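Residue numbers (the working numbering), protein chains in the order written: chain V, 47 to 293; chain H, 60 to 364; chain C, 7 to 324.
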């Protein structure tokens, strides 16, 4: 479904991603792990279109999207969430989600009709709010939400674009154990409809959810495989897991 | 079209460019380190010119008047920085634009109240004659003075920024403000001083250009835009960029105004050439900026990597 | 109560010429409407769109000049000259916006400023249409209808209609799909792109609409005074419009209108009504009104930060 062919990015003298090659199969949850600074977020940004690729190719469902603008990739079914929460803080939860729904349902070059008259947008937004566990919080202003709720909205926004592949960048960042459990349950619920490339530090979540795991160290993929294989992989243990899991 | 004419315009361009540099240098550092848009920078230039004119009248000596105007303007600049501008560093760009625009209005009127709409600043008699540069070529002595002073100040500034500790702090601040703060630089004091230096540079330019361009209220606005253009072309936060940008703009603007109408006259009818020539010449600097931004969105020598 | 305030004001405005016959006041009110229209168009791009465009005067000026040129060349009909002028402003906004919106932050401010200066200098050098002395027009455009635009009362109603139409249009736009997208872009541009909106296109559309409405304001401005001058294109005019928007409330529906009324009202007050104790201290203070304007503006920016930032934040729709 998603194919990365030798994707690279450097900033000045610093190499962030270095010839990354990996793939995500339809229906799978593919986890991407690695130490801090390994280049995981940079890679996600390159796949989603926030950042350009210096070299290499990003192929999504057979189409080369390396040069495509971010909004075009979203339209094609490739959406992301952000490690550092990036929501529409001053708008209520419902409006946040309704925007994402609006983006994929017809043109927004409409200057006259009030959005409030389109009940379909609000209905779908409500449904998504429920899906991510924000039922009852639709009218709360996004900036006033608790951290865990904001992370849920973060994922909800990406989900509302009805993607076929979801790039989740540390969805459990900053969450306590209960909230993390809720996020894992959410991902379990949605994996039937959408493939997921999951960047995570929470090893419990990773080993619970992942069909396959890729390990990124210093911008390069040092291993890809099923969880058991990764767990026992020598180089991975040395570079990452050996430092103390569940950091 | 003789070589003498071309050389003369080149020198004029260099002269204008160096004066632009004096304005741009202060502006680029304020912009680069504090991320602040200061529209009132042109008003400091105007203030410097007025102070110089008033002091020359009071002391009867051009040199003394100019030399006193510089620290006076620097002081005024520092006062403005401490009282008003300091609170703007943390604010968004729109607030900075509006507040400094307000300062322009206030300063323009204040100058008008104190001195009236304009003041005469005559060229010193000793320098109002021509100097023979080459056989068959003479050039106004006063303009040579400007070039000399401009180059000297540029050199001094380079030494200050590249070779002294303060200069290093300034450069560090320009390329990475957070790092500089983390290293314990007293950014507030550094900044006030920097602003004072910038104001002083404006005064030098204002005083020197006074005899050529006329000292009047509102003289700051016209040159301010060009100074911003220079800063953007050169790269925000970079003194080297400011110099390169200033000389480039000075040359393009001067040579364009001198030769474009002639050039147009070769290809177009006189009526078109006499209208289009000066029109395009006056906007060359802006077209240059648009072109530079297209190929180098961060300017020629951006301070940040 | 608050819902009916605009309606009440509109009724008052409609009745105004019937009650007040003095041509000076009619003309002054018309002038307020025209500047309110210009400020409202800037508010769209600045307050709603979050784009700090310092070159808005270019679009007002384009409208003013193109409509005047039509008149100067003998095309008296408003039905030809006015739409042409608005279209020209929209085109200018399209070109300038297309290039400028590729940049952001301070570069955007600078490049819009540069473009405005380019237009200013180009117009300044058009000797055929007055150059830096400006262009005087013998009469206002003709409408071919029984009502004559030359009458101050008729012009008043035309200007009022334009302003009312623009404000109502802005009201509808704010609640429309387009308005929501623009709000999202202003709130978090990166995320707007990341949920699938082609942000550049929306910003450009907003810029063009604002430019077109600004052009209409320019048409009315030139028509009002039967005179146009390159100063209407100077960057300090863009600054003045910004001051109006800030005074009135950035991002608020009535921001442009309230700001223009307040600014022009204050200006008139200072110029024409002497304050004796102030005159005793500074005899010709009325000549220096801009100092007061500057001081007020500075005070607003420094001491009412919620005023600007708060105005940027829309009231949450609960």
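Backbone N, C-alpha and C fix where the C-beta goes; we use that ideal spot for every residue, glycine too.
These numbers come from a predicted model, not from an experiment.
Note down, in chain order, every chain V residue with its Cβ under 8 angstroms from the Cβ of residue 193 (chain C). Counting from one through the third chain, the residue named residue 193 (chain C) turns up at place 187. Within chain V, 134, 135, 136, 137 have C-beta atoms less than 8 angstroms from the C-beta of residue 193 (chain C), given in sequence order.
If you run the structure through DSSP and keep just helix, strand and coil, what is residue 125 (chain V)? On the first chain, position 79 is the one that residue 125 (chain V) refers to. Strand, per DSSP.
Which class does residue 232 (chain C) belong to by DSSP, given the choice of helix, strand or coil? Within the third chain, the letter at position 226 stands for residue 232 (chain C). Coil, per DSSP.
Does any residue of chain C bring its CB to less than 8 angstroms from the CB of residue 125 (chain H)? The count along the second chain starts at 1 and reaches residue 125 (chain H) at position 66. No, no contact with chain C.
Coil, strand or helix - residue 124 (chain C) by DSSP: On the third chain, residue 124 (chain C) is found 118 positions in, with the first residue counted as 1. Assigned with DSSP and collapsed to three states, residue 124 (chain C) falls in helix.
In whole angstroms, what separates the C-alpha of residue 264 (chain C) from that of residue 189 (chain V)? For the purposes of this step, residue 264 (chain C) is taken as the residue at position 258 of the third chain. For the purposes of this step, residue 189 (chain V) is taken as the residue at position 143 of the first chain. Answer to the nearest angstrom: the Cα atoms are 30 angstroms apart.
Would residue 84 (chain C) and residue 155 (chain C) be called neighbours here (beta carbons separated by less than 8 angstroms)? As a first step, residue 84 (chain C) is located in the third chain; it is residue number 78 there, counting from the start. As a first step, residue 155 (chain C) is located in the third chain; it is residue number 149 there, counting from the start. For residue 84 (chain C) and residue 155 (chain C), yes; Cβs fall inside 8 angstroms.
For a test of the three-state rule: what should DSSP assign to residue 196 (chain H), helix, strand or coil? For the purposes of this step, residue 196 (chain H) is taken as the residue at position 137 of the second chain. Correct three-state label for residue 196 (chain H): strand.
Is the shortest distance between the beta-carbon of residue 278 (chain H) and the beta-carbons of chain C less than 8 angstroms? Along the second chain, one-based indexing puts residue 278 (chain H) at 219. No - not a single Cβ of chain C is within 8 angstroms of the one on residue 278 (chain H).
Where does residue 193 (chain V) land, buried or exposed, given buried means 16+ other C-beta within 10 angstroms? Locating residue 193 (chain V) in the first chain gives position 147, where the first residue counts as 1. Result: exposed.
Could you have a look at residue 337 (chain H) and say whether DSSP puts it in helix, strand or coil? The sequence position of residue 337 (chain H) within the second chain is 278, counting from 1. DSSP places residue 337 (chain H) in helix when its eight states are reduced to three.
8 angstroms Cβ cutoff, residue 248 (chain C) in contact with chain H: Here the question's residue 248 (chain C) lines up with position 242 in the third chain. So yes, residue 248 (chain C) belongs to the interface.
Could you list which residues in chain H have their beta carbon closer than 7 angstroms to that of residue 301 (chain C), in chain order? In the third chain, residue 301 (chain C) corresponds to position 295, counting from 1. Under the 7 angstroms cutoff, chain H gives 165.
How would you list, in chain order, the residues of chain V whose beta-carbon sits under 7 angstroms from the beta-carbon of residue 190 (chain C)? The sequence position of residue 190 (chain C) within the third chain is 184, counting from 1. Near residue 190 (chain C) (Cβ distances below 7 angstroms), the residues of chain V are 134, 145.
Minimum C-alpha distance to residue 171 (chain V) - residue among V:207, V:155, V:96, V:160: Taking the first chain and counting its residues from 1, the one referred to as residue 171 (chain V) is at position 125. Comparing Cα-Cα distances from residue 171 (chain V) to each of V:207, V:155, V:96, V:160, the minimum goes to V:207.
Kindly indicate which three-state DSSP category residue 180 (chain H) falls into: helix, strand or coil? Start at 1 with the first residue of the second chain, and residue 180 (chain H) comes out as number 121. Residue 180 (chain H): coil per DSSP, three-state reduction.
Note down, one range per segment and in chain order, each beta strand (DSSP E) of at least 3 residues found wholly within the region 9-57 of chain C. Listed in chain order, there is nothing to give.
Under 9 angstroms by beta carbon: chain C residues contacting residue 140 (chain H): In the second chain, the residue the question calls residue 140 (chain H) occupies position 81. Neighbours of residue 140 (chain H) on chain C: none; closest Cβ ~14 angstroms, over 9 angstroms.
Hey, does residue 154 (chain V) have any beta-carbon neighbour from chain C nearer than 8 angstroms? On the first chain, position 108 is the one that residue 154 (chain V) refers to. For residue 154 (chain V), the answer is yes, since a Cβ of chain C falls inside 8 angstroms of its Cβ.
Measuring CA to CA, which of C:298, C:162, C:260, C:310 is closest to residue 276 (chain C)? By 1-based counting over the third chain, the position of residue 276 (chain C) is 270. Nearest option by C-alpha distance: C:298.
Taking just the CA atoms, how far does residue 248 (chain C) sit from residue 96 (chain H)? As a working note, residue 96 (chain H) is residue 37 in the second chain. As a working note, residue 248 (chain C) is residue 242 in the third chain. Roughly 16 angstroms separates the two Cα atoms.
Whole beta strand (DSSP E) elements within the region 243-302 of chain C, 3-residue minimum: none
Just the chain C side, please: which residues come within less than 9 angstroms of residue 87 (chain H) by C-beta, in chain order? Within the second chain, residue 87 (chain H) is the residue found at index 28, counting from 1. By Cβ distance, chain C contributes nothing, its closest Cβ being about 12 angstroms from residue 87 (chain H), past 9 angstroms.
Suppose you measure from the CA of residue 93 (chain C) to the CA of residue 316 (chain H); what does that come to, to the nearest Å? For the purposes of this step, residue 93 (chain C) is taken as residue 87 along the third chain, with counting starting at 1. For the purposes of this step, residue 316 (chain H) is taken as residue 257 along the second chain, with counting starting at 1. C-alpha separation (whole angstroms): 32 angstroms.
If I measure Cβ to Cβ from residue 348 (chain H) and keep anything under 7 angstroms in the same chain, skipping five residues before and after, which residues do I get? Residue numbering aside, residue 348 (chain H) sits at position 289 when the second chain is read from its first letter. In the same chain as residue 348 (chain H), and ignoring 5 residues on each side of it, the C-beta atoms closer than 7 angstroms to its own belong to 288, 291, 292, in chain order.
Spatial neighbours of residue 68 (chain V) within its chain, please: C-beta separation below 7 angstroms, excluding the five flanking residues on both sides. In the first chain, the residue the question calls residue 68 (chain V) occupies position 22. Excluding residues within five positions, the ones whose Cβ falls inside 7 angstroms are 50, 260, 267, 270.
Does any residue of chain V have a CB that is nearer than 8 angstroms to the CB of residue 183 (chain C)? On the third chain, residue 183 (chain C) is found 177 positions in, with the first residue counted as 1. With 8 angstroms as the cut-off, residue 183 (chain C) counts as an interface residue toward chain V.
From what residue to what residue does the beta strand (DSSP E) around residue 130 (chain V) run? Along the first chain, read from residue 1 onward, the residue named residue 130 (chain V) stands at position 84. That residue, residue 130 (chain V), is in no beta strand (DSSP E); it is neither H nor E in DSSP.
Residue 214 (chain C) and residue 191 (chain C) look like a contact to me (Cβ under 8 angstroms); what is the Cβ gap, rounded to whole Å? The residue given as residue 214 (chain C) occupies position 208 in the third chain. The residue given as residue 191 (chain C) occupies position 185 in the third chain. Contact flag wrong, Cβ pair sits at about 15 angstroms.
Member of H:247, H:70, H:283 whose CA lies at the smallest distance from the CA of residue 149 (chain H): Here residue 149 (chain H) refers to the residue found at position 90 when the second chain is read from its first residue. The alpha carbon of residue 149 (chain H) has as its nearest neighbour, out of H:247, H:70, H:283, the alpha carbon of H:247.
For residue 120 (chain V), return the contacting residues in chain C, with the cut-off set at a CB-CB distance below 9 angstroms. Taking the first residue of the first chain as 1, we reach residue 120 (chain V) at position 74. Ordered by position in chain C, the residues that pass the 9 angstroms Cβ test against residue 120 (chain V) are 199, 200, 201, 202, 203.
Beta-carbon proximity of residue 73 (chain V) to residue 52 (chain V), cut-off 8 angstroms: Numbered from 1 along the first chain, position 27 holds the residue referred to as residue 73 (chain V). Numbered from 1 along the first chain, position 6 holds the residue referred to as residue 52 (chain V). In this structure, residue 52 (chain V) does not lie closer than 8 angstroms to residue 73 (chain V) by Cβ.
Under 8 angstroms between C-beta atoms of residue 7 (chain H) and residue 295 (chain H): Only positions 60 to 364 of chain H appear in this structure, which leaves residue 7 (chain H) out of reach.
Three-state class that DSSP yields for residue 170 (chain V) in the structure shown: Residue 170 (chain V) sits at position 124 when you count from the first residue of the first chain. Here residue 170 (chain V) sits in helix by DSSP.
Just grab the DSSP bridge partners of residue 50 (chain V) for me. Position 4 of the first chain, counting from 1, holds the residue named residue 50 (chain V). For residue 50 (chain V), which the question treats as bridged, DSSP gives the partners V:68, V:104.
Going residue by residue through the region 164-219 of chain C, where are the continuous beta strand (DSSP E) segments of at least 3 residues, counting only ones entirely within it? none
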